[in-house]
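Undergrad: Residue numbering for the sequence shown follows my numbering, beginning at 4 and increasing consecutively. C-beta atoms are modelled at their ideal positions from N, C-alpha and C, and glycine is treated no differently. The structure under discussion is supplied below as C-alpha cells; questions concerning it will follow.
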Amino acid sequence: MALTLDDISALFDIQGGARYGGEAISQRQHALQCAHLAEQAGASAELVAAALLHDLGHLVAPGDAAEPARAAAVDDLHQLLAVPFLRGVFSEAVLAPIRLHVDAKRYLCQADRHYGASLSAASRRSLALQGGPFSSAQAKAFIAQAFATDALALRRWDDRAKDPAARPPGWAHYRAILENVRCPVGTQSPVR
Numbered sequence: 004m005a006l007t008l009d010d011i012s013a014l015f016d017i018q019g020g021a022r023y024g025g026e027a028i029s030q031r032q033h034a035l036q037c038a039h040l041a042e043q044a045g046a047s048a049e050l051v052a053a054a055l056l057h058d059l060g061h062l063v064a065p066g067d068a069a070e071p072a073r074a075a076a077v078d079d080l081h082q083l084l085a086v087p088f089l090r091g092v093f094s095e096a097v098l099a100p101i102r103l104h105v106d107a108k109r110y111l112c113q114a115d116r117h118y119g120a121s122l123s124a125a126s127r128r129s130l131a132l133q134g135g136p137f138s139s140a141q142a143k144a145f146i147a148q149a150f151a152t153d154a155l156a157l158r159r160w161d162d163r164a165k166d167p168a169a170r171p172p173g174w175a176h177y178r179a180i181l182e183n184v185r186c187p188v189g190t191q192s193p194v195r
C-alpha cells in the first residue's frame, strides 16, 4: 500500500526522533540535512525529495527504530524497504536514487581510494553489513544504471548530513517540495 504525504509526515513526526544509527542526530535531522545539502547544490526537486526520503526504510522497517542495537547488527535493506510504499506516489527520478544510495557507497569505496576513510564509524560498520566495497565488475554494472549519478550525489550528501549543529529548513519546507514532485492523482502506477 502506497503511503500518502500525510503518512510520510506522520512517520517522521512519530519515529523521526529516533537516533540515526550510531550518529549524534535523529532520523528527522538527518533527512532534513540531506535534503538541504541537495537543495544547496542546486539538485532537481525530485533529487531533493529523494534526499529527504532516502532513509525512510529505517522508519518502516519492523523494529528498526525501536531496536537500535539489533538494527546496528543486521542489514535491514532500508534502501529497498521504502520503495514499495513510495511507488505510485513518486516517479523513478525519486525512487531510483533511494534504491541505489547504498550501492553508491559500495561503488565509491571501490572507485575512490580515499572515500572509505572519510566514512563515519557507523557508516563503515553498515558498509560491512551491506556487502563491503564493490568489485570492479560490480562497480562497472552500478555506474551503467540509470540514475547512478544521482545516487552518487545523494550518497555524498548522506555522508555529510550528520551535523548536530546544523539548522536546515523544517519539515514544512520539504513537504511542499514533496507535494510538487508527487505523481498526479489518477496517474499513479499500481504498487508491485
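1. Using 8 Å as the threshold, is the region 93-113 in touch with the region 42-57, meaning 3 or more CB pairs across them?
2. Quick one, which of Ala131, Gly25 and Phe15 has its alpha-carbon nearest aspartate 106's?
3. Roughly how many whole angstroms lie between the Cα atoms of leucine 98 and cysteine 37?
4. Please report how far the alpha carbon of arginine 178 lies from the alpha carbon of histidine 81, in whole angstroms.
5. By how many angstroms is the C-alpha of leucine 55 removed from the C-alpha of alanine 154?
6. Roughly how far, in whole angstroms, is the beta-carbon of phenylalanine 15 from the beta-carbon of tryptophan 174, given that I think they are within contact range, below 8 Å?
7. Nearest by alpha-carbon distance to alanine 146: which of Pro172, Gln113, Gln43 and Met4 is it?
8. Since tyrosine 118 is in the alpha helix (DSSP H), which residue starts that stretch and which ends it?
9. Measure the CB-CB distance between lysine 165 and isoleucine 11 and report whether it falls below 7 Å.
10. Please report how far the alpha carbon of threonine 7 lies from the alpha carbon of alanine 13, in whole angstroms.
11. Considering only residues of the region 126-160, which uninterrupted alpha helix (DSSP H) runs meet the minimum length of 4 residues and lie entirely inside it, listed in chain order?
TA: According to the data block:
1. Yes: at least three Cβ pairs fall under 8 Å.
2. Nearest C-alpha to aspartate 106: Ala131.
3. Those two C-alpha atoms are separated by around 16 Å.
4. Approximately 21 Å between the Cα atoms of the pair.
5. For alanine 154 and leucine 55, the distance between alpha carbons rounds to 13 Å.
6. That belief holds up - the Cβ atoms of phenylalanine 15 and tryptophan 174 are roughly 6 Å apart, short of 8 Å.
7. Position check: residue 146 holds isoleucine in this sequence, whereas alanine was assumed. The closest CA to that of isoleucine 146, considering only Pro172, Gln113, Gln43 and Met4, is found on Gln113.
8. In the DSSP assignment, tyrosine 118 falls within the alpha helix (DSSP H) that extends over 118-121.
9. No, Cβ-Cβ distance for lysine 165 and isoleucine 11 is not below 7 Å.
10. Between threonine 7 and alanine 13, the C-alpha separation is close to 10 Å.
11. Listed in chain order, the alpha helix (DSSP H) runs fully inside the region 126-160 are 139-146, counting runs of at least 4 residues.
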